[in-house]
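> Just dropping this structure here.
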Ligand SMILES: CC(C)(COP(=O)(O)OP(=O)(O)OC[C@H]1O[C@@H](n2cnc3c(N)ncnc32)[C@H](O)[C@@H]1OP(=O)(O)O)[C@@H](O)C(=O)NCCC(=O)NCCS
């Protein structure tokens, strides 16, 4: 039986996460992006979900951006462990941390073909809001909604 625990990122998690992170990331990137990780019963890392925060910058500018926004900054589950609900557990852990920070609005993104992420975002209550072209010629769908 697989027992999964979620916890916040700590160094040197970046070494294990590099094995299956969907894009290569530097140690500085991990430090700059709050991340929750999933580990199995032996402590082996099998998934992560990161985010960044966009806060109303000043009281005056809060009129332009009235609420804090959590932005998805990537997530992945080790290929051998996909389809077992670990992605869902990571999403729930990320939402718990955002709620602790007082953040109740979220924007995430995924490639149009990424049906697993589309399912995860839908279950999180997010809806597709825009499809935007990227510099590399591909599209990304942006999902957003209240948490
Ligand atoms: C996306 C990803 C994190 C999902 O993790 P996971 O642990 O497999 O997710 P879960 O087991 O919690 O399943 C979540 C949903 O995706 C669906 N799903 C899982 N694997 C799937 C697959 N290969 N194809 C289609 N749907 C899939 C599940 O059925 C579930 O949907 P449901 O809630 O409607 O039942 C994982 O597939 C992954 O690491 N992919 C590569 C990296 C990536 O695409 N990251 C996102 C970048 S934005």
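In this note's numbering, the protein residues as written are 84 to 230.
For glycine and all other residues, C-beta sits at the position ideal for the given N, C-alpha and C.
#1: Answer yes or no: do residue 194 and residue 208 have a C-beta to C-beta separation smaller than 8 Å?
#2: Whether or not the segment 133-147 and the segment 160-169 are in contact is what I'm after, with contact meaning three or more pairs of Cβ atoms, one per stretch, closer than 8 Å; do they touch?
#3: Below 8 Å CB to CB, which residues in the same chain sit around residue 227 once its five sequence neighbours on both sides are set aside?
#4: Return yes when the C-beta of residue 128 is under 7 Å from any heavy atom of ligand 1, and no when it is not.
#5: Going by beta carbon distance, what residues of the same chain come within less than 7 Å of residue 200, once the five residues before and after it are set aside?
#6: Quick one, which of 85, 126, 134, 149 has its alpha-carbon nearest residue 95's?
#7: Check whether the Cβ of residue 84 sits closer than 7 Å to any heavy atom of ligand 1, and report yes or no.
#8: Taking the CB atoms as reference points, tell me whether residue 136 and residue 153 lie closer together than 8 Å.
For this structure:
#1: no
#2: no
#3: 188, 189, 190, 191, 209, 210, 212
#4: no
#5: 193
#6: 126
#7: no
#8: yes
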